[in-house]
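Asks: Have a look at this one before I ask anything.
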Amino acid sequence: MQTQPIRVMAVDDHPMLREGLASVIEGESDMLLVGEATNGAEAIDGFRRLRPDVTLMDLRMPDMSGIEAIEHIRREFPAARIVVLTTYKGDVNALGALKAGAAGYLLKSMLRKDLLDTIRAVHAGKRRIPPEIASEIAEHAADDALTEREIQVLQLVAAGNSNKLIAVELSISEGTVKAHMKSILPKLGATDRTHAVMIAVKRGILDVG
Numbered sequence: 001m002q003t004q005p006i007r008v009m010a011v012d013d014h015p016m017l018r019e020g021l022a023s024v025i026e027g028e029s030d031m032l033l034v035g036e037a038t039n040g041a042e043a044i045d046g047f048r049r050l051r052p053d054v055t056l057m058d059l060r061m062p063d064m065s066g067i068e069a070i071e072h073i074r075r076e077f078p079a080a081r082i083v084v085l086t087t088y089k090g091d092v093n094a095l096g097a098l099k100a101g102a103a104g105y106l107l108k109s110m111l112r113k114d115l116l117d118t119i120r121a122v123h124a125g126k127r128r129i130p131p132e133i134a135s136e137i138a139e140h141a142a143d144d145a146l147t148e149r150e151i152q153v154l155q156l157v158a159a160g161n162s163n164k165l166i167a168v169e170l171s172i173s174e175g176t177v178k179a180h181m182k183s184i185l186p187k188l189g190a191t192d193r194t195h196a197v198m199i200a201v202k203r204g205i206l207d208v209g
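Heads up, the sequence shown is in the UniProt record's numbering, so the first residue is 1 and it goes up one at a time.
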């Protein structure tokens with residue numbers, strides 16, 4: 001029987017979300033919100049000071065992303081239990097967070113329903129990933145990943161650049177740009193450039209925010 005409350009730290013750059021998390025957690029007798037942070041650097045500092053049992057970590061924050069913060073914390077504290085909070089469903093985002101060491105992954109739209117169960121499960125040493133995200137990760141597990149250069153090309157396509165402009169920007173030939181696009185389309189299962197960008201954004205390969 002657990003006697004000490006689960007000590008929770010909330011990391012998110014939106015004050016309203018942190019307030020919402022605080023009000024939910026404070027209503028539970030087996031949990032205690034011990035600290036808040038607004039970015040990755042604050043999260044690392046807060047973790048060192050507070051040593052929370054479970055950290056709720058937003059993925060997209062100014063200065064340092066949630067994934068970078070998770071990597072830092074887990075390097076210093078390998079037993080840290082971290083749950084990612086995000087609005088992004090992409091399998092690439094989820095996989096990146098899990099590889100960095102997150103034990104749970106929660107969409108912000110699911111917080112009301114699943115937050116408390118996820119905190120308790122992760123505190124008990126379990127992993128929690130929503131079924132639809134787990135199935136998306138599995139679906140793309142055998143896919144060939146885009147290379148760093150292909151991602152650069154696609155990012156410039158997403159910004160509306162022609163092959164000629166992309167070639168100038170990356171100091172490569174127009175033919176090389178076309179070759180990259182020819183490689184990108186089958187990897188993403190895309191029919192054309194626009195479709196490739198849409199898929200890459202949806203999966204979290206491209207960040208156009």
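Each residue gets a CB set at the ideal place from its N, CA and C atoms; glycine is no exception.
So V24 and V8 are supposed to be a Cβ contact under 8 Å. How far apart are they, rounded?
Replies: Stepping through the sequence shown from its first residue, residue 24 is reached at position 24. Stepping through the sequence shown from its first residue, residue 8 is reached at position 8. Incorrect: roughly 10 Å between the Cβ atoms, too far for contact.
Asks: Given a cut-off of 8 Å, decide if M61 and D13 are closer than it, judged by their beta-carbon atoms.
Replies: Translated into positions along the sequence shown, residue 13 becomes position 13. Translated into positions along the sequence shown, residue 61 becomes position 61. Yes, Cβ-Cβ distance for D13 and M61 is below 8 Å.
Asks: From which residue to which residue does the beta strand (DSSP E) around L106 run?
Replies: Here residue 106 corresponds to residue number 106 of the sequence shown, with the count starting at 1. Where L106 is concerned, the enclosing beta strand (DSSP E) stretches over 104 to 107.
Asks: Considering Cα atoms alone, identify which of A196, D143, A145 is closest to G160.
Replies: Mapped onto the sequence shown, residue 160 falls at position 160. Measuring from the Cα of G160, the nearest candidate turns out to be A196.
Asks: Does DSSP classify E28 as helix, strand or coil?
Replies: Position 28 of the sequence shown holds residue 28. Note: E28 maps to coil in three-state DSSP.
Asks: With contact counted as at least three CB pairs below 8 Å, one residue from each stretch, are the stretch 74 to 82 and the stretch 94 to 102 in contact?
Replies: Enough Cβ pairs lie closer than 8 Å, so yes.
Asks: Would you call the stretch 37 to 47 and the stretch 63 to 71 touching, i.e. three or more CB-CB distances under 8 Å?
Replies: Result yes; three or more Cβ-Cβ pairs closer than 8 Å.
Asks: Does the Cβ of P52 have 16 or more other Cβ atoms within 10 Å, making it buried, or fewer, making it exposed?
Replies: For the purposes of this step, residue 52 is taken as residue 52 along the sequence shown, with counting starting at 1. Buried, because 16 or more other Cβ atoms sit within 10 Å of the Cβ of P52.
Asks: What does the alpha-carbon distance come out to for the pair P130 and K187?
Replies: Taking the first residue of the sequence shown as position 1, residue 130 is located at position 130. Taking the first residue of the sequence shown as position 1, residue 187 is located at position 187. Cα-Cα distance, rounded: 25 Å.
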